[in-house]
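Structure first, commentary second.
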Amino acid sequence: MKGVAIDRAVLLYELERRCSFVDCNARIKIGLTKSEAFAYHGFECDVCNLWTTDSLIEKDIPEWWPELQLDQERALSDSDLSLE
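Whatever position you read off the sequence shown (first residue = 1), add 6 for the working numbering.
Below is the structure:
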């Protein structure tokens, strides 16, 4: 019998946001992994399908905010080095 390999990412946090469009204002739940949190810059509303620009703040992810900040600083540092 062959095994089935399933690539799974660990869900670290779930956010609850509201669509920014007045005619919609739907409540949206967003699950993020660490790598998704690093790249997070908004979401597409499940109801109206419009994009809402957003960012994470320390209050959203207090447990791993310092680690996320370190990862972002490393990425910026690496990109600065590649430009030289």
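Note that beta-carbon positions come from the ideal geometry of N, C-alpha and C, so glycine has one too.
Just so you know, these numbers come straight off a predicted model, no measurement behind them.
Residue j and residue i - do their beta-carbons sit closer together than 8 Å?
{"i": "L18", "j": "D66", "result": "no"}
{"i": "D60", "j": "G48", "result": "yes"}
{"i": "W71", "j": "E79", "result": "no"}
{"i": "I36", "j": "R24", "result": "no"}
Please name the residue in the options whose C-alpha comes closest to that of residue i.
{"i": "N31", "options": "L38, G37 and N55", "result": "N55"}
{"i": "S26", "options": "P68, E79, V53 and D77", "result": "V53"}
Tell me which residues share the same chain as residue i and place their Cβ nearer than 6 Å to its Cβ, disregarding the 5 neighbours each side in the sequence.
{"i": "N50", "result": "The identity of residue 50 in the sequence shown is Glu, whereas the question assumes Asn. So the qualifying residues of the chain are W57."}
Could you spell out where the alpha helix (DSSP H) holding residue i opens and where it closes?
{"i": "E42", "result": "K40 to A45"}
Got a sec, what are the start and stop residues for the beta strand (DSSP E) residue i sits in?
{"i": "L21", "result": "Y19 to R24"}
Can you name, in chain order, every residue of its own chain whose Cβ lies under 8 Å from the Cβ of residue i, other than the five neighbours on each side?
{"i": "L74", "result": "K40, A43, F44, L62 and I67"}
According to DSSP, is residue i part of a helix, a strand, or is it coil?
{"i": "W70", "result": "coil"}
{"i": "E50", "result": "strand"}
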